[in-house]
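K.L.:
I'd like to ask you about the structure that follows.
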Amino acid sequence: MTELQRAWLGVISAEHTQRAVEGGFIQLNHGKRHGVARLRLGDGFAIYSPTEQRGGKEPLRAFTALGMVADDAPYQGEPMSMGDRGIVEPWRRRVEFLPVRRAGLREVELQLTSGPNWGYQLRRGLIPLSTTDFETLRAAMTAG
C-alpha cells in the first residue's frame with residue numbers, strides 16, 4: 001500500500017452517508033461538480049455527519065464513514081430529485097469504503113478540531129484533512 005498523500009473531509013448527514021456507502025460513491029453540495037473534481041485517485045476520504053438527517057435539528061456530531069477515492073475522474077449519476085432544487089444529474093466519485101464504526105466528535109483528538117471556531121469551515125461541505133487526522137480517524141473507527 002502506498003503512503004497516503006492527501007485526505008479530505010466531507011460533510012454529509014448520516015442518512016445520506018449510508019446511501020453513499022451502500023452505493024460506493026460520494027456526491028457533495030447537492031451534486032455539484034466542483035467539490036468532487038478536487039479529489040484524486042487514492043485520496044483518503046472521511047465523512048462527518050453533523051446530523052442524522054439532512055436539515056435535522058438533533059445533533060449527531062460523528063464521523064460516520066471512511067474510505068479511499070477509487071476512480072480517476074468525476075462521473076454523472078442518474079437524474080434524481082433534490083427537492084426544492086429540482087431534478088439534477090449529480091456529479092459523483094467512486095469510493096471504496098472501509099468497514100468502520102461511528103466515532104463521536106469528542107472521541108477523537110484531531111488537529112482539525114484543536115483551534116477556535118474550527119467548525120465554521122465545515123459549511124463549505126468539503127475541506128482538506130491532514131493525513132495525520134485521517135489516520136487517527138481510521139484507527140478510532142476500525143478499533144474494537
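Each residue of the sequence shown is one higher than the one before, starting from 1 at the first, in our numbering. C-beta atoms are modelled at their ideal positions from N, C-alpha and C, and glycine is treated no differently.
1. According to DSSP, what are the bridge partners of Pro59?
2. Starting from the Cα of Gly24, find the closest Cα among Gly77, Glu135, Gly115 and Asp84 and give me that residue.
3. Three or more C-beta pairs under 8 Å: does that hold for the region 9-16 against the region 35-52?
4. Going along the chain, which residues of its own chain have a beta-carbon closer than 7 Å to the beta-carbon of Asp71, five neighbours each way excluded?
5. Rounded to the nearest angstrom, how far is the Cβ of Thr64 from that of Thr131, given a contact under 8 Å?
6. Report the partner residues of Glu135 according to the DSSP bridge assignment.
7. What do you reckon, are the CB atoms on Arg61 and Gly104 nearer than 8 Å?
8. So, at 7 Å on beta carbons, what are the nonlocal neighbours of Val100 in its own chain, with the 5 sequence-adjacent residues on each side left out?
P.N.:
Result, derived from the coordinates:
1. Among the bridge pairs identified by DSSP, Pro59 is matched with Thr51.
2. Closest in C-alpha terms to Gly24, from the list Gly77, Glu135, Gly115 and Asp84, comes Gly77.
3. The count of Cβ pairs closer than 8 Å, one atom from the region 9-16 and one from the region 35-52, reaches three, so the stretches are in contact.
4. Around Asp71: Leu41, Arg93 and Arg94.
5. Contact doesn't hold; Cβ gap of about 20 Å is too wide.
6. Looking at the DSSP assignment, Glu135 forms no beta bridge with any residue, so it has no partner.
7. A contact, by the Cβ cut-off of 8 Å.
8. Counting only residues of its own chain and dropping the five nearest sequence neighbours on each side, Val100 has a CB closer than 7 Å to the CB of Ala65, Leu66, Met141 and Thr142.
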